[in-house]
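Below is one structure; the comments refer to it alone.
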Amino acid sequence: MNSLSQNSHRTLQPPTLVADRLQTPLWVFDIQHLNIVWANAAGVSLWGALLLADALRKRIKEMSFPLVGHQTISLGVAEVSPNELPCQALMRADMALFKAKANGRDRVEAAA
210 MNSLSQNSHR TLQPPTLVAD RLQTPLWVFD IQHLNIVWAN AAGVSLWGAL
260 LLADALRKRI KEMSFPLVGH QTISLGVAEV SPNELPCQAL MRADMALFKA
310 KANGRDRVEA AA
């Protein structure tokens, strides 16, 4: 058992500490500013996060919702890199979301 798993059951660690200890990026989604999903799987690349976001976008587009019918979503995706604050990555994800909306909506954009 590594030191991260030994310690994780005792205290809740902030995402930056986890990213620093693993020396690999974490990623975060900002979906319409309100729903934030942390994927704390170490080693998942931004490319993998983009694929997941696009699969979610396509699935939502295929669904029909009561009262409103078909809907689309735009998503912004950013990595939380080691030594970066989560709020910085969230701001970049938010900017990517604005870019997705400006570029026609119903799309996924990666943060710079």
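Everything in the sequence shown is counted per our numbering, starting at 210 for the first residue and increasing by one. Don't be surprised by glycine CBs; every beta carbon is placed ideally from N, CA and C. In this text the structure is predicted, and so the values were computed from the model without any measurement.
Which value, in whole angstroms, describes the spacing of the CA atoms of residue i and residue j?
| i | j | result |
| --- | --- | --- |
| ALA298 | GLU288 | 6 Å |
| PHE274 | THR281 | 11 Å |
| ASN312 | PRO291 | 30 Å |
| LEU265 | LEU276 | 21 Å |
| ALA302 | ARG268 | 21 Å |
| ALA262 | MET272 | 16 Å |
| GLY278 | PRO295 | 35 Å |
| GLU293 | LEU255 | 15 Å |
Closer than 7 Å by C-beta to residue i: which residues in its own chain qualify, once you throw out the five before and the five after it? Chain order, please.
| i | result |
| --- | --- |
| SER283 | LEU306, ALA309, LYS310, ARG314, ASP315, ARG316 |
| LEU243 | Residue confidence is low: LEU243 scores 44 on pLDDT, short of 50, so the model does not pin down where it sits. Its coordinate-derived value is still stated next. Within the same chain, LEU243 has no close Cβ partners at all. |
| LEU259 | VAL286, VAL317, ALA319 |
Could you pull the DSSP bridge partners for residue i from this structure?
| i | result |
| --- | --- |
| PHE274 | GLY278 |
| LEU284 | VAL317 |
Who are the Cβ neighbours of residue i in its own chain at under 6 Å, not counting the five residues just before and after it?
| i | result |
| --- | --- |
| GLU318 | GLY285, ALA305, LYS308, ALA309 |
| ALA321 | none |
| LYS270 | THR281 |
In terms of residue numbering, what span does the alpha helix (DSSP H) encompassing residue i cover?
| i | result |
| --- | --- |
| LEU299 | 295-311 |
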